[in-house]
Structures are given as C-alpha cells and as structure tokens.
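Novice: So in UniProt numbering, spot 31 of the sequence shown is number 31, and the numbers just go up one at a time. Please read through the structure below; I'll follow up with questions.
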Amino acid sequence: MAIECSVCLELLPPHQVISLTCGCKYCLGCMDRVVKLATNREAHYPPRCCQWPIPADTMFVALPQQVVEEFMAAKRVWDSGNRTYCSNKTCGKFIDPIHIVSGEASCPCRTKTCSQCKNAHHDGYCSRVDERATAWSFAREQGWKICHKCGYIIELESGSYHIICLCRHEFCYSCGAAWKTCNCKVFEGGPEVQASQYAASQSQHEPAGQLQSEPEGIPDFALWERLQKHCEHPGQFHRVMLRRGGRCKMCNIWVHKFLLTCRECHLEVCEQCRHEMNHFGKSKSPRKD
C-alpha cells in the first residue's frame with residue numbers, strides 16, 4: 001500500500017517513507033532536504049515538524065552517511081554559543097570547544113587562537129574579558145538584555161518580546177527567561193518585531209570557512225509575529241498546486257509543486273515554513289482539497 005509524503009505529495013512504498021510521531025510522513029528525498037537545510041542554514045536548525053524537533057535516529061534512518069556526518073559537524077557549530085574561529089585568515093574554520101583549554105583554541109592547521117578576543121593567541125591576561133564586562137554593565141544600565149547562552153547584547157526598541165538570538169537561544173526580552181516559561185506579555189510598543197533588526201543582527205562579519213548562518217532569504221519573523229497577532233488562519237491552510245512553481249513568502253525558497261495558502265490572509269508558505277510557524281504558535285495544520 002502506497003503512502004503519501006506530507007511534503008511533496010508523492011505516493012511511495014512504505015520502506016521509502018519516514019513516519020514521525022506527529023503523524024507526518026516524509027519521503028527520503030524530503031527528509032534529506034530538511035537535514036541539508038539544517039546543516040547549511042542555522043535558521044533551519046534544529047529540523048522541526050509540527051512544533052517538535054525531529055529525533056536524530058528518525059532523521060538518519062535511511063540517509064547517506066556523508067549527509068549524517070555533515071549534519072553532525074554543523075550541529076557542533078550551531079550548538080556552540082560563544083564560537084571561536086581560527087584566527088588564521090586563510091583557514092577561518094570553527095574550533096570545537098573540546099580543543100579550547102585555558103583560553104587557548106587549537107586549530108588543526110596548528111594556529112593558536114585566543115578564545116576571548118578571537119585574535120591570535122597571546123601571553124598574559126586578555127583585555128577582552130574586562131571590555132566585555134564593561135559592555136555588559138553598560139547594557140544593563142540601558143535596560144538592554146544579554147543572551148544567557150552566548151553573551152550577545154540585544155536592544156529592542158519595539159515589537160515582540162520573543163527574542164531569537166544569533167546562537168538560536170529563545171528567551172523573553174522582558175524577564176530574560178527561556179521562551180514560553182514565563183507569563184510576560186508578548187508585545188511592547190508596536191505590533192511586530194522589526195525585521196530590519198533581525199537582518200542587521202545576522203549581517204555581522206563571519207570568517208572564511210564558516211557555515212552559512214544567514215539564509216539567502218532572511219526568514220521574516222516580523223511577518224510571522226504580525227500574522228499570528230492579527231490572523232488566526234480561521235479557514236486553515238489549503239494546498240495550491242503550481243504549474244510553474246512559486247516562491248515561499250517566509251524563507252524565499254522556490255517550490256515546484258505546491259504552496260500552502262491561508263484562506264483568510266492569503267499568506268503563501270512552503271510546507272517546512274508552515275511547520276516552523278506551528279513551532280512559533282497558532283497556525284493550524286493544512287487541509288487537503
């Protein structure tokens with residue numbers, strides 16, 4: 001008996017389909033795409049479906065070993081908060097925290113890097129420690145928030161208190177608690193997060209050899225938050241089959257077969273972004289027509 005892939009709608013034999021605990025079915029090709037997106041783009045990490053992260057043993061059950069190894073390498077980068085990259089500009093590779101001892105980061109190219117200032121390793125006390133403490137103190141005086149995972153300073157002028165740091169840590173801007181663990185209100189000063197703030201935060205310089213943490217089409221979290229506030233998607237999403245393909249309004253990826261369209265606000269998204277919207281809140285499951 002053939003099983004339909006929830007993403008591409010292809011009918012396939014059971015041994016070519018991966019079943020998730022949420023009830024969705026992924027063909028091997030679609031699961032491969034999800035894993036590769038999470039490998040190359042931090043915005044898609046960790047891979048999720050219907051709000052929940054997809055377990056590693058489920059994802060890897062039938063994927064090529066190379067895909068699995070590349071994902072695990074990226075996972076070490078994405079899971080690391082205060083990342084250190086090789087100070088040798090011809091290298092620039094990420095240095096795994098297990099290779100950092102007493103502030104000295106050792107790269108396979110034999111370059112030593114200071115894990116505090118990120119420059120070539122040096123003797124003596126690193127002034128970066130004092131500079132960071134001063135910056136944090138100033139930030140607290142200004143009422144700004146500091147990510148508890150990586151120490152990044154975040155200023156919010158208006159918008160949603162739902163903060164997604166560069167390190168992917170999600171927390172409440174009002175109290176600093178992990179997201180969805182407090183009772184603070186969601187919005188402050190305006191109806192949505194300023195997308196420009198997210199874009200600016202993602203555009204900081206990253207060394208050569210680093211994985212791509214900024215996708216080609218910046219995920220429009222502002223649009224997600226705005227739609228969640230003003231549109232409950234009362235008619236749910238319905239599939240619109242495409243003759244020549246179309247582009248997802250969230251991740252900017254070109255989709256060949258179909259998009260999911262809200263009957264109320266007419267938002268057009270791909271299946272993966274619909275799942276991501278589920279992760280952030282209120283959107284419903286798609287309904288087949």
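For each residue, glycine too, the CB sits at the ideal point set by N, CA and C. Please read all numbers here as calculations on a predicted model, not as lab measurements.
Return the first residue and the last residue of the beta strand (DSSP E) that residue 241 is part of.
Specialist: 237-241 is the extent of the beta strand (DSSP E) around residue 241.
Novice: Between 42, 85, 238 and 142, which lies nearest to residue 119 when the distance is taken from Cα to Cα?
Specialist: For the residues 42, 85, 238 and 142, the minimum Cα distance to residue 119 belongs to 85.
Novice: List the whole-angstrom C-beta distance separating residue 317 from residue 52, where the pair is believed to meet the contact cut-off of C-beta under 8 Å.
Specialist: Coverage of the chain is limited to positions 1 through 289, which leaves residue 317 absent and any answer about it impossible.
Novice: Quick check on DSSP: helix, strand or coil for residue 9?
Specialist: Coil at residue 9, not helix or strand.
Novice: Quick check: the Cα distance between residue 182 and residue 124, rounded to an integer number of angstroms?
Specialist: If I take the Cα positions, the gap works out to 42 Å.
Novice: Relative to the alpha-carbon of residue 41, which residue among 71, 150 and 147 has its alpha-carbon at the smallest distance?
Specialist: Nearest C-alpha to residue 41: 71.
Novice: Considering only residues of the same chain and omitting the five flanking positions on each side of residue 2, which have a CB-CB separation below 7 Å?
Specialist: Excluding residues within five positions, the ones whose Cβ falls inside 7 Å are 11, 12 and 13.
Novice: Would the beta-carbon of residue 54 fall within 8 Å of that of residue 64?
Specialist: Against a cut-off of 8 Å, the Cβ pair of residue 64 and residue 54 comes out as no contact.
Novice: Tell me which residues share the same chain as residue 67 and place their Cβ nearer than 7 Å to its Cβ, disregarding the 5 neighbours each side in the sequence.
Specialist: Taken in chain order, the residues that qualify are 32, 35 and 36.
Novice: Check whether the segment 139-155 and the segment 170-179 touch, using three or more Cβ-Cβ pairs below 8 Å as the test.
Specialist: Result yes; three or more Cβ-Cβ pairs closer than 8 Å.
Novice: How big is the Cα-Cα spacing for residue 81 and residue 59?
Specialist: Distance between the alpha carbons of residue 81 and residue 59 is about 24 Å.
Novice: Could you say which of 247, 257 and 17 lies nearest to residue 241 if we only look at CA atoms?
Specialist: When each option's Cα is compared against that of residue 241, the closest is 257.
Novice: When you compare each of 87, 127 and 147 to residue 108 by their alpha carbons, which one comes out closest?
Specialist: It is 87 whose Cα lies nearest to the Cα of residue 108.
Novice: Between which two residues does the alpha helix (DSSP H) holding residue 36 run?
Specialist: Unbroken alpha helix (DSSP H) run through residue 36: 28-40.
Novice: Judging by CA-CA distance, which residue of 160, 248, 164 and 20 is the nearest neighbour of residue 50?
Specialist: Checking every option, the nearest Cα to that of residue 50 belongs to 20.
Novice: Looking only at its own chain, which residues have a Cβ that is under 8 Å from the Cβ of residue 293, when we skip the five neighbours before and after it?
Specialist: Any answer about residue 293 is impossible in this case: the structure gives the chain only from 1 up to 289.
Novice: Within the continuous alpha helix (DSSP H) that includes residue 133, where are the two ends?
Specialist: Start and end: 128-142.
Novice: If you reduce the DSSP assignment to three classes, tell me which class residue 53 lands in.
Specialist: Strand, per DSSP.
Novice: Extract the residue ranges of the alpha helix (DSSP H) inside the segment 66-124, only unbroken runs of 4 or more that lie entirely within it.
Specialist: Runs found: none.
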